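Peer 1: Protein chains in written order, with my numbering: chain A, 2 to 416; chain B, 1448 to 1683.
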Amino acid sequence: MTRLSWGRSLRHSRLQLVLTVAAIGAAVALPVILISVGGGVSAHELAQLQNAGYQLVVSAQGLHGIAGAHALSDRILAMSSVTAVSPVLSIAIDAFTAQGSLSPVLAEGVVPRDFTATLGPTESGLFPSPLPLGDPTDSVRYADGTYAGPATNDVLVSTPYALAAHVFPGDTLLLSPSTDPSLGVRFNVTGTFGVAPSLLGPTGAFAVLLPLSDLQVLTGFGPAPAATVVDAADTIEIALTSSAAASPSALAQVRSAVAALVPYYSVTSLDQQAEQLHAASAVLTGFYLALSSVGLTVGLLFLALVLLRRVESDRRSIGIRRALGIPGRSIVAGIVRDGALLALLGGLAGVTAGYVVVEGLARWATAAVQEAASLAVFDPTILAAIVGGVVALSLLASALASRRAMRVDIGEALR
Amino acid sequence: MNDARPPLVELAGASRAYVAGSPEQVVALRAVDLAIPSGEFVSVEGPSGCGKTTLLNLVGLLDSPTSGEVRWGGRPVGSLSDRERARLRLRGVGFIFQRFYLLPTLTALENVELPMRPLGVPRAERTRRASELLGEVGLAGRERAFPHQLSGGEEQRVAVARALANRPGILLADEPTGELDSGNTRAILDLLERVRHDRSATLVLVTHNPEVAARARRHLTMRDGSIVRDARETGT
Ligand SMILES: Nc1ncnc2c1ncn2[C@@H]1O[C@H](COP(=O)(O)OP(=O)(O)O)[C@@H](O)[C@H]1O
Ligand SMILES: [Mg+2]
């Protein structure tokens, strides 16, 4: 009779053990997914920062806040250790094809030659060199309030947009600051450029590149006819000599020199941005862990429950051991070992499940999710820390069960 | 006998009440005085519920009296911590229970090794001693069997081997043959007598079977929580 019930209780508990491992695994899978994808995206952004061809960025709070961008760029270029200065204006506009189809695109206004000079090694492969824009130095501009026109009205289109809208070199494109085509200006498409994998999703890859002045005129950020902000840009990207770029002190020196020139704008180095990104990603990781703690708590409660049940069904065995004089600590050690083993198995199952889920997302999810998932980084240190943390937390569950085991009354257990 | 030496175990006015202080209180043992010298073979008889197991649990430090005192080698054990009592049990007492109480997940060999582990006996030594003990109780070759693969008689032999693992000074057997047929009963009693003799150990054997009790040299009879008869055979 006892034999039969023994076999049954073993099968019974085997199911419990599998369920426990599954519960902990599910709890661990969540942070694994969140942290690996989040970390991967941050790492990707970081890599983009570090691959940039410039080291300092001047930017202004608010919309298109840098005024006198051309003149300011020239003054920065005159400073020592500075090799290239590229003002950039980014605005969402509307593009009408010759067939009249309309799509919003991200327009980037640049000084073509300076833009090329501030491209990083990975980015430069995406753009034709030199840029086939009729006015390489953007001399057709409102320099010192003088318009040197006329504009060539050349534009480059991104490959995703070219393919989607069937716009190719030789075609024309009507660009308008609004959905009203009568406000638009007709541009000649003179080439295409690639788009680096970005996290903006597929629509973010619909972009056009044109001379800064042309975009300013088109969108009213030049002086005439009704401009309120003169010669505007969002950012000015500054490339330094390689020796200045490599030395933190030289970098800081140039940065403060530029900051002195434009006290009302912010001047950040990409190093700082990288640091900020690091900090932001650390905050995010903490947030993910906090979020996951809910699931982990449930998993650990489950573990505690199962360990307690095992103590209950092992009352007799525990009573026998204690009657024989086996010290409590070796009984506790057994429980702790069981708990830690289950937590370890659950942790490993969770890591595996998280990996499988991320791989699945990278293959079968929507484009934006696929893109993020494909950037996922499985950092062994972090994964080990998660699994180790779960094993450490299992001690709480074991402590609960151990307390119960130590309270088993020998006489009663053996009656 | 050396009368100057204190008895191995002594109960002095030892009482044990269960659920003490409540209306359902059961007094299982009433002010029992008992001295067990080293090397004795004592039987404890009496009807079911008279307090035999309770007495044995007090002697073996599994339990404490609610009043009175238990002394080991003349020293009161009432002030010992749970841990110290466990240690005394581990080294000094060999328990043999009516229902064997082997650990079902361990093999015969592992069951016998079990009490040696906390004492830090090296693995090889443990295995050697456990096999030797299993051989002594006639179970050579059955080392790897699990309890459910053994007969009742064999299980009780494993239990005897386990009780001997740490060479205890006293063996406490609580109706060790209660679940065995007459053939196995005889074999286990022969075995207990032999190990007691070979190791000059003290043996306290609880039984309600007069034939079993007849093997002892000193006979205690209990009734209702008290020892009503304490008879020594001459020529011990
Ligand atoms: N843990 C317990 N709780 C309450 N009553 C108990 C407990 N253990 C034993 N008893 C009672 O104490 C009395 C003596 O029990 P026990 O010593 O086991 O007797 P025996 O071994 O002689 O059959 C019995 O009436 C029994 O019901
Ligand atoms: Mg009994």
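All residues carry an ideal CB built from backbone N, CA and C; glycine is no exception.
Treat the numbers as computed from the prediction; the structure is a model and nothing was measured.
In the DSSP assignment, find the unbroken beta strand (DSSP E) run with B/Y1465 in it and report its ends.
Peer 2: Taking the second sequence and counting its residues from 1, one reaches residue 1465 of chain B at position 18. Unbroken beta strand (DSSP E) run through B/Y1465: V1456 to Y1465.
Peer 1: Can you pull the chain B neighbours of A/A402, defined as C-beta to C-beta under 8 angstroms?
Peer 2: On the first sequence, position 401 is the one that residue 402 of chain A refers to. Chain B residues near A/A402: none, gap ~17 angstroms exceeds 8 angstroms.
Peer 1: Residues in its own chain within less than 6 angstroms of A/L362 by CB, not counting five upstream and five downstream?
Peer 2: Residue 362 of chain A sits at position 361 when you count from the first residue of the first sequence. Contacts found: V370 and A374.
Peer 1: If we count Cβ pairs, one from each stretch, closer than 8 angstroms, do we get three or more for the region 130-137 of chain A versus the region 109-120 of chain A?
Peer 2: Touching, per the Cβ criterion.
Peer 1: Provide the residue span of the beta strand (DSSP E) that contains A/S87, from first to last.
Peer 2: What you label residue 87 of chain A is simply residue 86 of the first sequence in a count that begins at 1. Its beta strand (DSSP E) spans residues V83 to T98.
Peer 1: Given the structure, does B/S1462 come close to ligand 2, in the sense that its CB is under 8 angstroms from one of the ligand's heavy atoms?
Peer 2: One-based indexing of the second sequence puts residue 1462 of chain B at position 15. The answer is no for B/S1462.
Peer 1: What's the gap between the Cα of B/A1608 and the Cα of B/E1601?
Peer 2: Indexing the second sequence from 1 puts residue 1608 of chain B at position 161. Indexing the second sequence from 1 puts residue 1601 of chain B at position 154. Roughly 11 angstroms separates the two Cα atoms.
Peer 1: Does any residue of chain B have a CB that is nearer than 9 angstroms to the CB of A/A373?
Peer 2: If you number the first sequence from 1, residue 373 of chain A lands on position 372. Output row for A/A373: interface = no.
Peer 1: Which residues, taken in chain order from the region 1499-1532 of chain B, show a beta carbon closer than 9 angstroms to some beta carbon of chain A?
Peer 2: So the close ones are T1500, T1501, N1504, G1507, L1508, L1509, D1510, D1529, R1530 and R1532.
Peer 1: Is B/V1540 close to chain A? Criterion is C-beta to C-beta, closer than 9 angstroms.
Peer 2: Taking the first residue of the second sequence as position 1, residue 1540 of chain B is located at position 93. At least one chain A Cβ lies under 9 angstroms of B/V1540.
Peer 1: Please state whether DSSP places B/R1643 in a helix, a strand or coil.
Peer 2: Indexing the second sequence from 1 puts residue 1643 of chain B at position 196. B/R1643: helix per DSSP, three-state reduction.
Peer 1: Under 8 angstroms: does the beta carbon of B/A1475 sit that close to some heavy atom of ligand 1?
Peer 2: Mapped onto the second sequence, residue 1475 of chain B falls at position 28. Yes, since a heavy atom of ligand 1 falls inside the 8 angstroms radius drawn around the Cβ of B/A1475.
Peer 1: Quick check: is any heavy atom of ligand 2 less than 8 angstroms from the C-beta of B/S1490?
Peer 2: Here residue 1490 of chain B refers to the residue found at position 43 when the second sequence is read from its first residue. No - ligand 2 has no heavy atom lying nearer than 8 angstroms to the Cβ of B/S1490.
Peer 1: Could you compute how far the alpha carbon of A/S331 sits from the alpha carbon of B/L1455?
Peer 2: Residue 331 of chain A sits at position 330 when you count from the first residue of the first sequence. Residue 1455 of chain B sits at position 8 when you count from the first residue of the second sequence. One C-alpha to the other measures close to 29 angstroms.
Peer 1: Which whole-angstrom value is the C-beta distance of A/L31 and A/G296, which I expect to be below 8 angstroms?
Peer 2: Here residue 31 of chain A is taken as the residue at index 30 of the first sequence, counted from 1. Here residue 296 of chain A is taken as the residue at index 295 of the first sequence, counted from 1. Confirmed, about 5 angstroms.
Peer 1: With burial defined as no fewer than 16 other Cβ atoms inside 10 Å of the residue's Cβ, what is the status of A/S270: buried or exposed?
Peer 2: Walking along the first sequence from the start, residue 270 of chain A turns up at place 269. So A/S270 ends up on the buried side.
Peer 1: Beta carbon of B/E1626: closer than 8 angstroms to some heavy atom of ligand 2?
Peer 2: One-based indexing of the second sequence puts residue 1626 of chain B at position 179. False, no ligand heavy atom lies under 8 angstroms from that Cβ.
Peer 1: Alpha carbon to alpha carbon, how far is B/G1585 from A/L396?
Peer 2: The count along the second sequence starts at 1 and reaches residue 1585 of chain B at position 138. The count along the first sequence starts at 1 and reaches residue 396 of chain A at position 395. The straight-line gap from Cα to Cα measures roughly 43 angstroms.
Peer 1: Which bits of chain B does A/G335 rub up against, with CB to CB less than 9 angstroms?
Peer 2: Here residue 335 of chain A refers to the residue found at position 334 when the first sequence is read from its first residue. Neighbours of A/G335 on chain B: none; closest Cβ ~11 angstroms, over 9 angstroms.
Peer 1: Pull up the DSSP beta-bridge partners for B/V1479, would you.
Peer 2: Taking the first residue of the second sequence as position 1, residue 1479 of chain B is located at position 32. B/V1479 is bridged to B/A1461.
Peer 1: Along the alpha helix (DSSP H) that carries A/L175, what are the first and last residues, could you check?
Peer 2: Within the first sequence, residue 175 of chain A is the residue found at index 174, counting from 1. Run containing A/L175: none in the alpha helix (DSSP H); it sits in the beta strand (DSSP E), T173 to S177.
Peer 1: Any heavy atom of ligand 1 inside 8 angstroms of the beta-carbon of B/T1649?
Peer 2: Position 202 of the second sequence, counted from the start, is the residue given in the question as residue 1649 of chain B. Incorrect: B/T1649 has no Cβ contact closer than 8 angstroms to ligand 1.
Peer 1: Report yes or no: do three or more beta-carbon pairs, one from the region 344-352 of chain A and one from the region 390-407 of chain A, lie closer than 8 angstroms?
Peer 2: In short, these stretches touch, since the Cβ pair count reaches three.
Peer 1: If you pair each beta-carbon of the region 1497-1513 of chain B with each one of the region 1458-1466 of chain B, do three or more pairs fall below 8 angstroms?
Peer 2: Touching, yes, given that three or more Cβ pairs across the two stretches are closer than 8 angstroms.
Peer 1: Name the one or two DSSP bridge partners that B/W1519 has.
Peer 2: Translated into positions along the second sequence, residue 1519 of chain B becomes position 72. Answer is B/V1456 and B/R1522, bridged to B/W1519.
Peer 1: Is B/M1669 near ligand 1, going by C-beta to nearest heavy atom under 8 angstroms?
Peer 2: Taking the first residue of the second sequence as position 1, residue 1669 of chain B is located at position 222. Yes, ligand 1 has a heavy atom inside 8 angstroms of this Cβ.
Peer 1: Within the present structure, is the beta-carbon of B/L1502 separated from the nearest heavy atom of ligand 1 by less than 8 angstroms?
Peer 2: Along the second sequence, one-based indexing puts residue 1502 of chain B at 55. Yes, the beta carbon of B/L1502 sits closer than 8 angstroms to at least one heavy atom of ligand 1.
Peer 1: Helix, strand or coil: how does DSSP classify A/D235 here?
Peer 2: Numbered from its first residue, the first sequence carries residue 235 of chain A at position 234. Residue state, collapsed to three classes: coil.
Peer 1: So does the region 276-291 of chain A actually touch the region 300-310 of chain A, counting three or more Cβ pairs closer than 8 angstroms?
Peer 2: Short answer: they don't touch.
Peer 1: Can B/D1621 be considered in contact with ligand 2, in the sense that its beta carbon sits closer than 8 angstroms to one or more heavy atoms?
Peer 2: Translated into the one-based positions of the second sequence, residue 1621 of chain B becomes position 174. Answer for B/D1621: yes, Cβ within range of ligand 2.
Peer 1: Go ahead and label A/V209 buried or exposed: buried means 16 or more other beta carbons lie within 10 angstroms of its beta carbon, across all protein chains shown.
Peer 2: Here the question's residue 209 of chain A lines up with position 208 in the first sequence. Counting Cβ neighbours within 10 Å, A/V209 comes out buried, since at least 16 surround it.
Peer 1: Is A/G320 near ligand 1, in the sense that its beta carbon is under 8 angstroms from a heavy atom of that ligand?
Peer 2: For the purposes of this step, residue 320 of chain A is taken as the residue at position 319 of the first sequence. Incorrect: A/G320 has no Cβ contact closer than 8 angstroms to ligand 1.
Peer 1: Would the C-beta of A/V333 count as close to ligand 2, meaning under 8 angstroms from any of its heavy atoms?
Peer 2: The residue given as residue 333 of chain A occupies position 332 in the first sequence. No, since every heavy atom of ligand 2 falls outside the 8 angstroms radius drawn around the Cβ of A/V333.
Peer 1: Counting only the same chain and skipping the five closest in sequence on each side, list residues whose C-beta sits under 6 angstroms from that of A/P212.
Peer 2: In the first sequence, residue 212 of chain A corresponds to position 211, counting from 1. Contacts found: L134, D136 and D139.
Peer 1: Does B/T1624 get closer than 9 angstroms to chain E when you measure Cβ to Cβ?
Peer 2: The structure shown contains no chain E; its protein chains are A and B.
Peer 1: Taking the runs of the alpha helix (DSSP H) that are 4 residues or longer, which of them lie wholly in the region 1586-1619 of chain B?
Peer 2: As far as the region 1586-1619 of chain B is concerned, its whole alpha helix (DSSP H) runs of at least 4 residues are 1599-1610.
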